[in-house]
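Enquirer: Take a look at this one; I'll ask things after.
Protein chains: 2
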Amino acid sequence: MSGRVESRNGGRRVLLAHGGGGELMHRLIRDHLVPPLDNELLAPLSDGAVLPDPKGRLVITTDSYVVTPLEFPGGDIGRLAVVGTVNDLAVMGAAPVALSLGLILEEGLPLTVLDRVMASIGATAEEAGVPVVTGDTKVIERRRVEEGGNRLAADGLFINTAGLGRLRPGVRLGTDRVKPGDAILVNGPLAEHGLAVLSVRDGLEFESALRSDAAPLNSLIDRVLDTGADVKFLRDATRGGLANVLVDISESREVSIEVDERQVPVAPATRHAADLLGLDPLTVANEGKVVCVVCSESVSVALAAFRDHPLGRQAVCIGCVTGAQPPLVELRTRAGGRRIVQRPYGEELPRIC
Amino acid sequence: MSGRVESRNGGRRVLLAHGGGGELMHRLIRDHLVPPLDNELLAPLSDGAVLPDPKGRLVITTDSYVVTPLEFPGGDIGRLAVVGTVNDLAVMGAAPVALSLGLILEEGLPLTVLDRVMASIGATAEEAGVPVVTGDTKVIERRRVEEGGNRLAADGLFINTAGLGRLRPGVRLGTDRVKPGDAILVNGPLAEHGLAVLSVRDGLEFESALRSDAAPLNSLIDRVLDTGADVKFLRDATRGGLANVLVDISESREVSIEVDERQVPVAPATRHAADLLGLDPLTVANEGKVVCVVCSESVSVALAAFRDHPLGRQAVCIGCVTGAQPPLVELRTRAGGRRIVQRPYGEELPRIC
Numbered sequence: 271m272s273g274r275v276e277s278r279n280g281g282r283r284v285l286l287a288h289g290g291g292g293e294l295m296h297r298l299i300r301d302h303l304v305p306p307l308d309n310e311l312l313a314p315l316s317d318g319a320v321l322p323d324p325k326g327r328l329v330i331t332t333d334s335y336v337v338t339p340l341e342f343p344g345g346d347i348g349r350l351a352v353v354g355t356v357n358d359l360a361v362m363g364a365a366p367v368a369l370s371l372g373l374i375l376e377e378g379l380p381l382t383v384l385d386r387v388m389a390s391i392g393a394t395a396e397e398a399g400v401p402v403v404t405g406d407t408k409v410i411e412r413r414r415v416e417e418g419g420n421r422l423a424a425d426g427l428f429i430n431t432a433g434l435g436r437l438r439p440g441v442r443l444g445t446d447r448v449k450p451g452d453a454i455l456v457n458g459p460l461a462e463h464g465l466a467v468l469s470v471r472d473g474l475e476f477e478s479a480l481r482s483d484a485a486p487l488n489s490l491i492d493r494v495l496d497t498g499a500d501v502k503f504l505r506d507a508t509r510g511g512l513a514n515v516l517v518d519i520s521e522s523r524e525v526s527i528e529v530d531e532r533q534v535p536v537a538p539a540t541r542h543a544a545d546l547l548g549l550d551p552l553t554v555a556n557e558g559k560v561v562c563v564v565c566s567e568s569v570s571v572a573l574a575a576f577r578d579h580p581l582g583r584q585a586v587c588i589g590c591v592t593g594a595q596p597p598l599v600e601l602r603t604r605a606g607g608r609r610i611v612q613r614p615y616g617e618e619l620p621r622i623c
Numbered sequence: 271m272s273g274r275v276e277s278r279n280g281g282r283r284v285l286l287a288h289g290g291g292g293e294l295m296h297r298l299i300r301d302h303l304v305p306p307l308d309n310e311l312l313a314p315l316s317d318g319a320v321l322p323d324p325k326g327r328l329v330i331t332t333d334s335y336v337v338t339p340l341e342f343p344g345g346d347i348g349r350l351a352v353v354g355t356v357n358d359l360a361v362m363g364a365a366p367v368a369l370s371l372g373l374i375l376e377e378g379l380p381l382t383v384l385d386r387v388m389a390s391i392g393a394t395a396e397e398a399g400v401p402v403v404t405g406d407t408k409v410i411e412r413r414r415v416e417e418g419g420n421r422l423a424a425d426g427l428f429i430n431t432a433g434l435g436r437l438r439p440g441v442r443l444g445t446d447r448v449k450p451g452d453a454i455l456v457n458g459p460l461a462e463h464g465l466a467v468l469s470v471r472d473g474l475e476f477e478s479a480l481r482s483d484a485a486p487l488n489s490l491i492d493r494v495l496d497t498g499a500d501v502k503f504l505r506d507a508t509r510g511g512l513a514n515v516l517v518d519i520s521e522s523r524e525v526s527i528e529v530d531e532r533q534v535p536v537a538p539a540t541r542h543a544a545d546l547l548g549l550d551p552l553t554v555a556n557e558g559k560v561v562c563v564v565c566s567e568s569v570s571v572a573l574a575a576f577r578d579h580p581l582g583r584q585a586v587c588i589g590c591v592t593g594a595q596p597p598l599v600e601l602r603t604r605a606g607g608r609r610i611v612q613r614p615y616g617e618e619l620p621r622i623c
């Protein structure tokens with residue numbers, strides 16, 4: 271990774287002293303952290319930001335990001351920290367109003383890496399149309415991963431973003447609205463984020479073919495909701511992948527879900543990588559994919575709206591909700607068989623987001 | 271620390287698999303994270319929380335907590351994570367409405383430690399009168415601190431909280447309102463948090479005498495603002511201590527500040543510890559102390575209000591704002607001399623909050 275190269279070149283790095291609330295920290299904030307985020311709410315640099323008078327109900331969400339490596343094909347930890355939180359708001363039917371940014375920097379992090387991540391945060395926030403209005407920075411000692419030898423932790427940076435959103439009036443989303451007959455849509459090919467990160471981490475050969483799908487989904491979701499389609503539930507399929515979302519729906523509503531494997535979109539390169547690694551693409555994390563449960567009458571309207579947006583060109587209906595008991599998620603396989611889809615027990619891919 | 275003892279006893283610990291978004295993570299959340307925080311906004315456990323319709327303008331703030339050790343006399347990282355964010359809102363004149371909670375757990379963290387910290391978060395949130403409405407959990411690999419030998423990192427846990435607050439109507443706080451003649455108040459003895467943490471860390475003998483002052487200041491600040499005293503600026507004196515706050519005021523307003531050392535409250539045990547460690551109590555972090563700039567006519571009303579609250583019994587006026595140029599913070603010492611107070615350059619006490 272670039273961090274190592276710069277290490278040899280002796281580039282400027284984060285020091286513990288950058289975290290002390292003193293002069294050095296003021297300079298770090300002024301020169302490296304604020305410029306990429308420039309907006310009038312952040313500008314006063316006080317302990318928090320005052321927001322304009324909100325109209326309507328608010329939603330608050332938070333996520334921490336610990337992905338390793340910090341940079342990967344299709345994104346980096348900064349892009350992830352914005353899209354993850356924006357998407358959590360969007361799937362609740364909320365338009366993002368403001369983000370907060372908490373940085374935990376590891377001593378020794380090259381400032382050039384920090385600058386690239388901050389630029390990515392700024393660009394992604396602009397793409398999503400939401401300002402970063404307040405932040406905080408801490409510095410921790412450099413550490414080693416305990417794994418086998420003495421390999422230096424390549425991490426250097428953890429990010430937390432909290433997001434405040436305004437709930438769309440009239441939208442009612444929740445598993446309580448899901449019932450047999452409803453259709454399950456996804457906006458495009460699955461498992462790309464997790465496999466892109468893993469491929470770089472393990473230095474696998476197919477690396478070049480895989481890119482993270484990390485993207486802010488708020489404008490895509492707006493487009494679908496704007497049609498008036500009867501959307502009942504939305505969830506971005508991050509950790510635990512599609513499987514986790516479908517099992518959540520099935521368990522909380524005590525319904526079954528039938529998924530047609532032939533309809534589940536997985537790109538050939540992704541499938542190849544998953545096979546090689548022994549992973550099920552249904553359980554691999556996405557960062558730009560939403561699972562959408564709609565009333566069967568709304569399927570064509572919703573699909574058309576998805577496909578009308580750059581992030582939904584390959585949207586498809588992958589299955590439906592049924593009343594079969596006991597409540598299970600079942601995959602009808604290509605070969606014509608059936609298998610039960612389970613939530614992964616633990617961590618198939620650690621540090622993926 | 272207790273973590274080490276439990277390590278030998280083989281108590282239950284956090285596993286990487288707890289972070290995977292799977293079944294194990296669901297159990298961790300259900301059994302360990304939600305019960306201490308019980309409230310109706312958090313209960314749905316969706317990706318975010320919907321808040322009641324807010325009245326008035328909102329304030330958002332965020333802070334990450336990386337203190338080591340996780341538990342210290344007078345508090346722990348959980349108490350700190352609540353009071354730090356509540357106090358950031360309070361000094362902006364905002365009543366806390368909701369907190370988000372982002373946990374980064376290190377693999378190997380004893381679940382009993384996590385449970386104690388979560389209980390502390392729940393209790394402190396109740397003390398401050400603010401619910402934790404949404405959260406997120408990540409797990410990272412166990413690491414070693416690189417310091418000299420191979421000492422295991424005793425950390426195991428980083429916390430981010432973001433806070434949403436409602437601005438008090440009619441309150442106008444800011445350094446732009448500060449002018450020569452104003453008085454500087456503090457609500458009690460300084461430097462107790464930083465020295466309490468440091469004393470445990472270094473195993474110093476005076477440990478027993480020192481306790482962190484970590485406390486939510488919102489009800490104290492409410493009491494002062496309720497009097498109608500002309501309060502111009504409030505800031506909690508955390509990293510960088512009193513010195514950092516005073517230099518901030520002086521720099522941003524281009525005024526001088528004169529502090530009378532005889533009035534600056536520092537407990538004998540704190541002073542002794544600071545002397546031993548070669549630290550200036552003015553630059554040591556507090557977690558329950560607020561610097562309050564008031565119009566000179568309001569000093570007695572504000573002091574009376576402070577002293578009427580358990581967290582302000584020892585409130586005093588420590589100095590005043592002057593028009594002397596160039597703008598400096600000056601300490602009139604006990605011995606009758608003068609010295610310039612500077613913001614610490616970097617990190618005097620790393621990982622103090």
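Chains R and U, in that order, give the protein sequences.
Going by our numbering, the first residue of the first sequence is number 271, and it counts up by one from there.
Going by our numbering, the first residue of the second sequence is number 271, and it counts up by one from there.
Glycine is no exception: its CB is placed at the ideal position from the N, C-alpha and C atoms.
Is any beta-carbon of chain R found at less than 7 Å from that of VAL470(U)?
Expert: No, because no Cβ of chain R sits closer than 7 Å to the Cβ of VAL470(U).
Enquirer: Which residue wins for smallest C-alpha separation from ASN357(U), given the options GLU397(U), ALA319(U), GLY344(U)?
Expert: Among GLU397(U), ALA319(U), GLY344(U), the Cα nearest to that of ASN357(U) belongs to GLU397(U).
Enquirer: Jot down the residue ranges of each uninterrupted alpha helix (DSSP H) in the stretch 490-533 of chain U, minimum 4 residues, whole runs only, in chain order.
Expert: If we require 4 residues or more, the alpha helix (DSSP H) runs fully inside the stretch 490-533 of chain U come out as 511-523.
Enquirer: Using a cut-off of 8 Å between C-beta atoms, extract the partners of ASP333(U) located in chain R.
Expert: What ASP333(U) touches in chain R: GLY372, ASP406.
Enquirer: Check for me: the beta strand (DSSP E) holding GLU310(U) runs from which residue to which?
Expert: Taken as a continuous stretch (DSSP letters only), GLU310(U) belongs to no beta strand (DSSP E), as it is neither H nor E.
Enquirer: Any Cβ of chain U within less than 7 Å of the Cβ of ALA432(R)?
Expert: Interface residue, yes.
Enquirer: How big is the Cα-Cα spacing for GLY548(U) and THR355(U)?
Expert: For GLY548(U) and THR355(U), the distance between alpha carbons rounds to 29 Å.
Enquirer: Quick one: residues in its chain with C-beta nearer than 7 Å to the C-beta of PRO551(R), no 5 flanking neighbours on either side, listed in chain order?
Expert: So the list reads LEU460, ALA461, VAL536, THR540, ARG541, ALA544, once near-sequence residues are dropped.
Enquirer: Using a 10 Å radius around the Cβ and a threshold of 16 neighbouring Cβ atoms, would you call THR445(R) buried or exposed?
Expert: The residue in question, THR445(R), is buried, as its Cβ has 16 or more Cβ neighbours within 10 Å.
Enquirer: Could you check if ARG642(U) is buried or exposed, using at least 16 other CB atoms within 10 Å of its CB as the buried criterion?
Expert: In this structure chain U extends from 271 to 623, so residue 642(U) is not present and cannot be described.
Enquirer: Any beta-carbon of chain U closer than 7 Å to the one on PHE428(R)?
Expert: Closer than 7 Å: yes.
Enquirer: If you follow the beta strand (DSSP E) that ASP333(R) is in, where does it begin and where does it stop?
Expert: Per DSSP, ASP333(R) belongs to the beta strand (DSSP E) from 328-335.
Enquirer: On the DSSP bridge list, what partners appear for PHE428(R)?
Expert: In DSSP, PHE428(R) forms a bridge with ILE374(R).
Enquirer: Chain U beta carbons: is any one of them nearer than 7 Å to that of ILE299(R)?
Expert: No, ILE299(R) does not count as interfacial toward chain U.
Enquirer: Using a Cβ distance threshold of 8 Å, determine whether the stretch 492-505 of chain U contacts the stretch 568-583 of chain U, with at least three qualifying pairs required.
Expert: The stretch 492-505 of chain U, when compared against the stretch 568-583 of chain U, does touch it at the 8 Å Cβ threshold.
Enquirer: Let me check understanding here. Comparing Cα to Cα, which of ALA365(U), LEU373(U), GLY326(U), LEU480(U) lies closest to ILE347(U)?
Expert: Comparing Cα-Cα distances from ILE347(U) to each of ALA365(U), LEU373(U), GLY326(U), LEU480(U), the minimum goes to LEU373(U).
Enquirer: Is ARG609(U) helix, strand or coil by DSSP?
Expert: Reduced to three states, the DSSP call for ARG609(U) is strand.
Enquirer: Our contact map puts THR508(R) next to ALA572(R) with C-beta atoms below 8 Å; I'd like the distance itself, whole angstroms only.
Expert: Not confirmed; about 21 Å, so no contact.
Enquirer: For a contact defined as C-beta to C-beta under 7 Å, what are the partners of VAL403(U) on chain R?
Expert: Per Cβ cutoff of 7 Å: ILE330.
Enquirer: Mind pulling the chain R residues with CB within less than 9 Å of VAL336(U)?
Expert: Residues of chain R passing the Cβ test: GLY289, ILE374, LYS408, VAL409, ILE410.
Enquirer: Quick check: what's the CA-CA separation for GLY582(U) versus GLY593(U)?
Expert: Using only the alpha carbons, I get a separation of about 29 Å.
Enquirer: What is the DSSP secondary structure of ASP346(U), reduced to helix, strand or coil?
Expert: In this structure, ASP346(U) counts as strand in the three-state DSSP scheme.
Enquirer: Report all residues from its chain with a CB closer than 6 Å to the CB of SER568(U); omit the five preceding and five following residues, and keep chain order.
Expert: Contacts found: ALA499, ASP500.
Enquirer: Beta carbon of VAL409(R), beta carbon of ARG621(R): below 7 Å?
Expert: Taking 7 Å as the Cβ cut-off, VAL409(R) and ARG621(R) do not qualify as a contacting pair.
Enquirer: Taking the alpha-carbon of VAL353(R) as reference, which of GLY399(R), ARG327(R), LEU381(R) has the nearest alpha-carbon?
Expert: VAL353(R) has its Cα closest to that of GLY399(R), out of GLY399(R), ARG327(R), LEU381(R).
Enquirer: For VAL646(R) and LEU371(R), I'd like the C-alpha separation in whole angstroms.
Expert: With chain R covering only 271 through 623, there is no way to say anything about residue 646(R).
Enquirer: Using DSSP with H/G/I as helix, E/B as strand and the rest coil, what is ALA575(R)?
Expert: In the structure shown, ALA575(R) sits in a helix (DSSP, three-state: H, G or I).
Enquirer: By how many angstroms is the C-alpha of ASP406(R) removed from the C-alpha of PRO305(U)?
Expert: Approximately 28 Å between the Cα atoms of the pair.
Enquirer: Helix, strand or coil for ARG436(R), going by three-state DSSP, please let me know.
Expert: Strand, per DSSP.
Enquirer: Among all the DSSP beta bridges, which residues are the ones paired with CYS587(U)?
Expert: LEU455(U), per the DSSP bridge assignment.
Enquirer: When we look at the beta-carbon of GLY473(U) and count the other beta-carbons within 10 Å, is it buried (16 or more) or exposed?
Expert: By the neighbour-count rule (16 or more Cβ atoms within 10 Å), GLY473(U) is not buried but exposed.
Enquirer: In three-state DSSP terms, what is ALA537(U)?
Expert: Reduced to three states, the DSSP call for ALA537(U) is coil.
Enquirer: If you pair each beta-carbon of the stretch 294-302 of chain R with each one of the stretch 324-336 of chain R, do three or more pairs fall below 8 Å?
Expert: Segments in contact, no.
Enquirer: Do ARG412(U) and GLU377(U) have their C-beta atoms within less than 7 Å of each other?
Expert: Yes, these two residues count as a Cβ contact at 7 Å.
Enquirer: Quick check on this structure: which residue in GLU293(U), THR603(U), PRO450(U), GLY558(U) has the alpha carbon closest to the alpha carbon of VAL611(R)?
Expert: The candidate whose alpha carbon is nearest that of VAL611(R) is GLU293(U).
Enquirer: Would DSSP call VAL353(U) helix, strand or coil?
Expert: Note: VAL353(U) maps to helix in three-state DSSP.
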